[in-house]
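Some notes on the structure that comes next.
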Amino acid sequence: MNLKKQFALTLASVGLGAALIGGGTFAYFSDQEKVENTFAAGTLDLAVNPEVVFDLKNMKPGDKAKRSYKLTNNGTLAIQNVFLTSDYTITDAKGNNAEDLGKHLRVNFIYNVDNKDVIVYSDTLSEMKAKQGVARPDLLAGHTLNAKDINDIRVEIEFVENNKDQNQFQGDGVKLKWTFDATQTKGKEL
Numbered sequence: 001m002n003l004k005k006q007f008a009l010t011l012a013s014v015g016l017g018a019a020l021i022g023g024g025t026f027a028y029f030s031d032q033e034k035v036e037n038t039f040a041a042g043t044l045d046l047a048v049n050p051e052v053v054f055d056l057k058n059m060k061p062g063d064k065a066k067r068s069y070k071l072t073n074n075g076t077l078a079i080q081n082v083f084l085t086s087d088y089t090i091t092d093a094k095g096n097n098a099e100d101l102g103k104h105l106r107v108n109f110i111y112n113v114d115n116k117d118v119i120v121y122s123d124t125l126s127e128m129k130a131k132q133g134v135a136r137p138d139l140l141a142g143h144t145l146n147a148k149d150i151n152d153i154r155v156e157i158e159f160v161e162n163n164k165d166q167n168q169f170q171g172d173g174v175k176l177k178w179t180f181d182a183t184q185t186k187g188k189e190l
């Protein structure tokens, strides 16, 4: 081998050895920490008690009946709205299908304000059945039902006396189904 090649090979070996020694002695400080996060959704759980509010028989035009029930928030999130959806079927005793009895039954939702009964919402069953979406009555009427809170609701149903012959309704009945739809409060920065 010629002298130049031998010298170059020796120089390369020395350089490689120096690199290995330097690399083996290189050190740096390090530290590692872990952060654990938990995300859990809250719950919306509305309870209505009693489940049967009205069980009326022998009503006549001009009759009124008041009942109370409780809305309870059994969830962990506050409830902003409780929308009421109404549906009913008519039992036509005479089979004459003369008119919708739901047009003659008015429902009044009553709150006690300053020791006085105040009607906060009033419609006939027929009008209530026609309302959809946010047009439905909101039973909280701008109030919030916080977690574990209870709201007492008073309801009055009235067979409206229209000063006309209402004989076509004798023996008729209404089977009413109310669905309570609770919605959460708006989201916020946590």
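Position 170, counted from 1, in the sequence shown is what UniProt numbering calls 170; the numbers after and before it change by one each time, with no gaps.
The beta carbon of each residue, even a glycine, is placed where N, CA and C say it ideally should be.
Residue i - DSSP class collapsed to helix/strand/coil
i: V52; result: coil
i: F180; result: strand
i: A147; result: coil
i: N81; result: strand
i: K188; result: coil
i: K175; result: strand
i: F169; result: helix
i: A130; result: helix
i: K57; result: coil
i: K164; result: coil
i: K94; result: coil
i: K5; result: helix
Neighbour-count burial assignment, residue i, 16 or more Cβ in a 10 Å radius
i: P50; result: exposed
i: Q166; result: buried
i: G187; result: exposed
i: Y69; result: buried
i: I150; result: exposed
i: residue 224; result: Because the chain in this structure spans residues 1 to 190, residue 224 falls outside the shown range and cannot be described.
i: E158; result: buried
i: A41; result: exposed
i: residue 233; result: With the chain covering only 1 through 190, there is no way to say anything about residue 233.
i: T124; result: buried
i: D138; result: buried
i: F29; result: exposed
Identity of the residues DSSP links to residue i by a beta bridge
i: T10; result: Partner(s): none; T10 has no beta bridge.
i: S122; result: N108
i: N73; result: L46
i: R136; result: According to DSSP, R136 bridges with nothing at all.
i: E158; result: K64, R106
i: residue 192; result: Since the first and last residues shown for the chain are 1 and 190, residue 192 lies out of range.
i: D152; result: K70
Within-8 Å CB hit, residue i to chain D
i: A135; result: Given the protein chain composition of this structure (a single chain), no chain D is represented.
Problem set entry | At least 3 beta-carbon pairs within less than 8 Å: the stretch 89 to 97 vs the stretch 134 to 147 | Remark: fewer than three beta-carbon pairs, one from each stretch, lie closer than 8 Å, so the stretch 89 to 97 and the stretch 134 to 147 are not flagged as touching.
Exercise. At a cut of 8 Å, does the stretch 50 to 66 reach the stretch 79 to 87 through at least three beta carbon pairs?
Worked result: no
For this session: Say whether the stretch 170 to 177 touches the stretch 109 to 119, bearing in mind that this needs 3 or more beta-carbon pairs closer than 8 Å, one atom from each stretch.
Result: no
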